[in-house]
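Per numbering that gives the first Met the number 0, the very first residue in the sequence shown carries number 0; after that it's consecutive.
See below for the structure under consideration.
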Amino acid sequence: MTNIVLFGPPGAGKGTQATFLKESFGLVHISTGDVFRFNIKNATDLGKLAQTYMDAGNLVPDQVTIDMLSAEVFKNRDSKGFIFDGFPRTVAQAKALDVLLEQFNTSITAMVALEVPDELLLERLLDRGKTSGRPDDANAEVIQNRITAYYTNTAILKNYYESQEKYFGVDGVGDIDIITNRLKELINSF
Ligand code: AMP
């Protein structure tokens with residue numbers, strides 16, 4: 000299996016790129032944010048629980064997120080592999096992911112990080128908010144909170160994967176198709 004953690008701050012372009020990569024490599028794309036939004040839309044218990052955190056731009060608690068992700072992986076256990084988008088976001092989640100994949104006799108192939116400067120993120124997210132219909136994209140304060148949550152809890156994961164020699168940074172600035180090609184070239188090298 001090929002299991003990629005697509006990494007980067009909010010607005011780095013993970014969702015956009017994951018859509019192209021899953022097609023090219025035949026991988027299952029799991030976006031924890033998308034699964035939460037689906038549950039909010041359908042007013043499930045999970046959705047109700049996640050919504051307060053998401054609306055404020057805070058992380059949903061680890062155990063809730065890990066349980067949900069585990070169920071998604073289990074459903075697709077016969078696939079060629081996964082693109083994890085928006086997961087893991089904490090060290091506890093990264094450790095849980097390692098344990099989970101071990102149960103399926105596989106492991107993380109690489110963390111592929113889209114590197115984008117902060118100034119561009121705020122601009123991209125506010126722009127996306129005009130069309131995405133996502134309440135957490137429409138408010139500058141909530142966006143700032145998401146970027147802060149990224150630097151407080153998530154950015155450290157670079158060290159987690161670097162220490163296993165699995166971290167690969169990619170320049171996330173430029174035209175979408177050029178960035179896709181950079182990512183494809185890298186993933187083909189694994
Ligand atoms: P995203 O679509 O990845 O930008 O995620 C939107 C929101 O969903 C985040 O701001 C969090 O509130 C929540 N979320 C998504 N993935 C996770 C995760 N791995 N851990 C905790 N919260 C998450």
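The C-beta atom is built at its ideal place from N, Cα and C for all residues, glycine as well.
A quick note: this is a predicted structure, and the numbers were derived from the prediction, not measured.
### Task
Answer yes or no: the CB of Asn57 versus the heavy atoms of the ligand AMP, is any distance below 7 angstroms?
Sequence index remark: in the sequence shown, residue 57 carries index 58 (1-based). Yes - the ligand AMP has a heavy atom lying nearer than 7 angstroms to the Cβ of Asn57.
### Task
Could you check the C-alpha separation between Pro9 and Gly25 for me, to the nearest Å?
Here residue 9 is taken as the residue at index 10 of the sequence shown, counted from 1. Here residue 25 is taken as the residue at index 26 of the sequence shown, counted from 1. Their Cα atoms are separated by approximately 25 angstroms.
### Message
In the DSSP assignment, the beta strand (DSSP E) including Val169 goes from what residue to what residue?
### Response
Reading the sequence shown from its first residue, position 170 is the one you call residue 169. Its beta strand (DSSP E) spans residues Tyr166 to Asp170.
### Task
Go through its chain and collect everything with a Cβ distance to Lys165's Cβ below 8 angstroms, but skip five positions before and after it.
Here the question's residue 165 lines up with position 166 in the sequence shown. Ile107, Thr108, Ala109 and Met110, listed in sequence order.
### Message
Any contact between the segment 2-17 and the segment 143-155? By contact I mean 3 or more CB pairs, one from each, below 8 angstroms.
### Response
yes
### Query
Looking at the unbroken alpha helix (DSSP H) that takes in Ala93, where does it start and where does it end?
Here residue 93 refers to the residue found at position 94 when the sequence shown is read from its first residue. From DSSP, the alpha helix (DSSP H) with Ala93 extends over Val90 to Gln102.
### Message
Rounded to whole angstroms, what is the Cα-Cα separation between Ile29 and Ile82?
### Response
Numbered from 1 along the sequence shown, position 30 holds the residue referred to as residue 29. Numbered from 1 along the sequence shown, position 83 holds the residue referred to as residue 82. If you take the alpha carbons of Ile29 and Ile82, they lie about 6 angstroms apart.
### Query
Counting pairs of beta carbons, one from the segment 154-163 and one from the segment 80-94, are three or more of them closer than 8 angstroms?
yes
### Simplified DSSP assignment, three categories, for Met110
As a position in the sequence shown, residue 110 is number 111, starting the count at 1. Reduced to three states, the DSSP call for Met110 is strand.
#### Entry: Distance CB(Thr179)-CB(Phe37) smaller than 8 angstroms
The sequence position of residue 179 within the sequence shown is 180, counting from 1. The sequence position of residue 37 within the sequence shown is 38, counting from 1. Taking 8 angstroms as the Cβ cut-off, Thr179 and Phe37 do not qualify as a contacting pair.
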